[in-house]
Amino acid sequence: MKISPTFDQASSCVLFHGDCLDLLKQIPDNSIKLIVTSPPYNLGKEYETRLKLNQYISQQKQVIEECVRTLDNTGSICWQVGNYVNNSEIIPLDIVLFPLFASFGLHLRNRIVWQFGHGLHASKRFSGRYEVILWFTKSNNYTFNLDPIRIPQKYPQKKYFKGPRKGELSGNPLGKNPNDIWDIPNVKANHIEKTVHPCQFPIELIERLVLSMTNENDWVLDPFMGVGSTAIAALMHNRKAVGAEIRNEYLVIAKNRIQKALKGELQMRPMERPVYDPNQPAKNIPPKNIKINKSAQPTLLEKPGKYRVEKKK
Ligand SMILES: C[S@@+](CC[C@H](N)C(=O)[O-])C[C@H]1O[C@@H](n2cnc3c(N)ncnc32)[C@H](O)[C@@H]1O
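Okay, here's the thing in structure tokens:
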């Protein structure tokens, strides 16, 4: 696949090396269907300079304002954040950033709690095991496709016990709404998607957003792209991807992962796989539509959205 270094409507993948504000300036008004990102949290990680909180917020404001301008009227913004920590005191970034989004007239649809099992073990407070995704839309007329992201019913055989439909199955046979608490493993050392990036998205987290909030051929933007997880989730489902990354080291990895994904060679954790539970081995059996054996890893097929399992070489 040809990857364009600057925004080009005719391309299906744009990876910009530099400040996201410089990329955003190239993107026309109302052209992006979904903006999904995890910005720096101002924690002084290797890819950011720690700022005073008010400076950080005004920097975020500039980016958010440009994102709103480029967003399609039926589109969505998903801002994934955790806590800013100062002197062991936590400041949840969704709380401090919410007023910015509201000031641009966006509508909050969900505050999705992303919970995961691994992280630092705190000694003076409870260990943090969730972050949030603030999902905003630009208008009341927005794309939301529930069927592609339904999950298995808890009680698939449950039936109406009275009324005209007594005896019929009461749940949707396509599965249920995944609700606003998502239990998805974060990318730590043992995750098959792990790269050198200290905080990359699990691709399955973004797939759920892409499938529900966009249609095929729509543009998906990540202004703080890291190693390209958003772009991969978009491209594998036939959407167009655009992103900016300031560090060349990560950009190179992003390009490499995208090319591998499109050839079906990138190792990825499939959306359908249950979270591993060491106490209930039976729960770890994946749904019938994916087959996994001990010596196998899932890989992406060239046809986006489908998986196969290949033996490890
Ligand atoms: C939290 S990480 C995002 C990781 C990403 N979600 C992934 O899956 O790899 C934030 C990224 O933004 C990049 N970054 C920081 N400031 C930036 C800027 N002004 N423009 C573009 N990228 C920036 C950092 O280098 C870092 O890779």
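The working numbering applies: residue 54 is where the sequence shown begins, and numbers increase by one.
C-beta: ideal position from N, C-alpha, C; glycine also.
Inter-residue Cα distance where the pair is residue i and residue j
i	j	result
I343	V240	Unreliable placement is indicated for I343, whose pLDDT of 35 sits below 50; the coordinate value is still reported in the next sentence. Those two C-alpha atoms are separated by around 21 Å.
I256	S129	18 Å
L227	H290	19 Å
G158	K219	46 Å
S180	A287	32 Å
C131	P327	24 Å
L146	G135	6 Å
S223	P323	28 Å
W272	A294	6 Å
D72	E298	7 Å
F301	V280	For the sequence presented, residue 301 should be read as Asn rather than Phe. Their Cα atoms are separated by approximately 10 Å.
Q113	I237	26 Å
G170	G216	43 Å
Q115	S141	28 Å
H244	L106	32 Å
Y303	Q168	25 Å
I234	K316	33 Å
E118	E99	26 Å
A155	N198	24 Å
H174	V149	25 Å
According to DSSP, residues forming a beta bridge with residue i
i	result
L38	Look at the range of the chain in this structure, 54 to 366, and you will see that residue 38 is not part of it.
P145	N136
Y183	Q168
I204	K229
N163	W188
V280	None, per the DSSP bridge assignment.
D236	Q168
D275	G296
Residues near residue i in its chain [Cβ-Cβ closer than 8 Å; skip 5 each side]
i	result
F151	L161, L187
L96	R103, Y137, V138
F60	V67, F69, L76, Q79, I80, V295
D200	L227
I110	V149, L150, L153
Residue i beta carbon near ligand 2 (any heavy atom closer than 7 Å)
i	result
V67	Among the ligands in the structure shown, ligand 2 does not appear; only ligand 1 can be found there.
Anticipated Cβ contact below 8 Å, residue i with residue j, distance rounded
i	j	result
K55	S64	7 Å
F69	P58	6 Å
E246	Q320	7 Å
I261	K229	For the sequence presented, residue 261 should be read as Arg rather than Ile. The pair is not a contact, with the Cβ atoms about 14 Å apart (cut-off 8 Å).
R182	G172	6 Å
T127	S192	7 Å
Spatial neighbours of residue i in its chain, beta-carbon cut-off 6 Å, leaving aside the 5 residues before and after
i	result
L274	I85, I88, V295
P340	Any reading at P340 must be qualified, since the residue scores a pLDDT of 45, below 50, and its modelled position is unreliable; the value itself is stated next. E325.
V121	F157
T90	D275, P276, F277
F254	S282
Other residues of its chain near residue i: CB distance less than 7 Å, five sequence neighbours each side excluded
i	result
Q62	none
T267	K86, L87, T196, V273, R292
P209	G224
Within-8 Å CB hit, residue i to chain D
i	result
R218	Protein chains in the displayed structure number just one, and chain D is not present.
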